[in-house]
Amino acid sequence: LAPATCASGRTQRAAVVSMSDGKKVGFFEKMMQGFDDIVDDALDRKLGNGASFYGKRKSNFYGKQDSMKKKNPRKADPTEDYKGNTGGSYFIWDKEWNVPLTKKQARMKKNGKLVAPGDAKEE
Numbered sequence: 005l006a007p008a009t010c011a012s013g014r015t016q017r018a019a020v021v022s023m024s025d026g027k028k029v030g031f032f033e034k035m036m037q038g039f040d041d042i043v044d045d046a047l048d049r050k051l052g053n054g055a056s057f058y059g060k061r062k063s064n065f066y067g068k069q070d071s072m073k074k075k076n077p078r079k080a081d082p083t084e085d086y087k088g089n090t091g092g093s094y095f096i097w098d099k100e101w102n103v104p105l106t107k108k109q110a111r112m113k114k115n116g117k118l119v120a121p122g123d124a125k126e127e
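Be aware that the sequence shown starts at 5, since it is given in the working numbering, and climbs by one per residue.
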């Protein structure tokens, strides 16, 4: 518990948690972040087996050892976040360009007939 001074000048003890970015977060703020994470996961259909389809969860709903939980829920990570349908669908995620490609575009890229976005030469 960290000491805090109230408006009357008395020193009080407040529950403070340190986040990974060094910012201090109080008990109620941490509780509301946890609640917001659970609501986000529920609305994004990530509870249950949904995390395997829609990206990893933000919340600690399934405990700290949850393998389908994001490493840092406050940071965007293309390897953990939802990136559209994968496998058996119309789109294939290209890890080199970090974009979804249609199956036709993926075949063209494999054969060298498709250039990276931004690499096309102007004529």
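Quick reminder that beta carbons are idealized off the backbone N, C-alpha and C, glycines included. As the structure is a computational prediction, the values presented were derived from the model and not from experiment.
Cβ neighbour criterion (16 or more within 10 Å) applied to residue i
i, result
"aspartate 41", "buried"
"glycine 59", "buried"
"glutamate 127", "The pLDDT assigned to glutamate 127 is 47, lower than 50, so where the model puts this residue is not dependable, and the model offers no usable value."
"lysine 107", "exposed"
"lysine 73", "buried"
"alanine 55", "buried"
"proline 77", "buried"
C-beta atoms of residue i and residue j nearer than 8 Å
i, j, result
"lysine 62", "aspartate 85", "no"
"tryptophan 101", "alanine 120", "yes"
"asparagine 64", "glycine 30", "no"
"lysine 113", "leucine 105", "yes"
Identified DSSP bridge partners for residue i
i, result
"threonine 106", "Phe95"
(request) Pick out the complete alpha helix (DSSP H) segments inside the stretch 42–80, 4 residues or longer, and give them in chain order. (result) Fully contained in the stretch 42–80 are the following alpha helix (DSSP H) runs of length 4 or more, in chain order: 55–58.
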